Amino acid sequence: MYATYEVNSRLSDLKIHSIIDKLNPNLRSIETTSGQKRVREFYAMSPEDAYSLLEAIAEMHGFSDKLKLVKPNSEEALAEETAQEIDTESTERASNFSFSKCQIPEGDEIEYAYDDNLKAKVVDDRNIEYNGETMSLTALAKLLSGKKYSIAGPKYFKYKGEWLNDRRHRLGV
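Numbering (numbering that gives the first Met the number 0), first residue to last: 0 to 172.
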């Protein structure tokens, strides 16, 4: 849980859901299981965006004191970080990273996120050149990080200061 908003009537949360659905119906989590459509109370939005929405509603009605930001304890923060890593990795495994889809032209440089002095040049849609050798993003990420297990290359590089995985999500590719 990220925040709580105390309301006077029992079903006020349904009104908030209705507002979000009208603003952007694509945010709602909807599953189809055994031919049955299941609409859930989850939305594809960051906790900060959700809080901002509740904050605006609370301020409009003069109930800012009813909105409480909940700071996660260390266990909850670790669980959230792990969940985000799993989500990112599953998304990135679902489709290969594409420099062209992320609007990064051939010839441009990307930098290793943990040492911006380490740069690689984009040579085609899927590969980069580092120290004269052409390789995949993941291969270079493994080389530079020293990790042996499966990793998601876009989590280790930036383009013009923006994480590649963030750029990919922002552009919806």
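Cβ atoms here follow ideal geometry from the backbone N, Cα and C, with glycine treated the same way. Given the structure is predicted, the values throughout are model-derived calculations rather than measurements.
Exercise. Classify Ser8 as helix, strand or coil using the three-state DSSP reduction.
Key: The sequence position of residue 8 within the sequence shown is 9, counting from 1. Coil at Ser8, not helix or strand.
Quiz item: With 16 as the cutoff for other CB atoms within 10 Å, does Pro153 come out buried or exposed?
Solution: As a working note, residue 153 is residue 154 in the sequence shown. By the neighbour-count rule (16 or more Cβ atoms within 10 Å), Pro153 is buried.
Exercise. Determine which residues share a DSSP beta bridge with Met134 and list them.
Key: Start at 1 with the first residue of the sequence shown, and residue 134 comes out as number 135. Looking at the DSSP assignment, Met134 forms a beta bridge with Ile127.
Practice problem: Could you spell out where the alpha helix (DSSP H) holding Leu26 opens and where it closes? | Solution: Within the sequence shown, numbered from 1, the residue matching residue 26 stands at position 27. That residue, Leu26, is in no alpha helix (DSSP H); it is neither H nor E in DSSP.
Quiz item: Can you tell which of Asn164, Lys157, Ser97, Asp64 has its C-alpha closest to the C-alpha of Ala119?
Solution: As a working mapping, residue 119 is identified with position 120 in the sequence shown. Of the listed residues, the one whose Cα sits closest to Ala119 is Lys157.
Quiz prompt | Reduced DSSP category for Phe109 - H, G, I as helix; E, B as strand; rest coil | solution = Residue mapping note: residue 109 aligns to position 110 of the sequence shown, counting from 1. Looking at the sequence shown, residue 109 is not Phe but Ile. Here Ile109 sits in strand by DSSP.
Self-check item: Outcome for Gly166 when other beta-carbon atoms lying within 10 angstroms are tallied against a minimum of 16
Solution: As a first step, residue 166 is located in the sequence shown; it is residue number 167 there, counting from the start. In the sequence as displayed, the identity of residue 166 is Arg instead of Gly. When all chains shown are included, Arg166 counts as buried.
Quiz item: When the Cβ atoms of the stretch 67–80 are set against those of the stretch 135–154, are three or more pairs found closer than 8 Å?
Solution: no
Self-check item: The alpha helix (DSSP H) enclosing Tyr155, as first and last residue numbers
Solution: What you label residue 155 is simply residue 156 of the sequence shown in a count that begins at 1. No alpha helix (DSSP H) contains Tyr155, which DSSP labels as neither H nor E.
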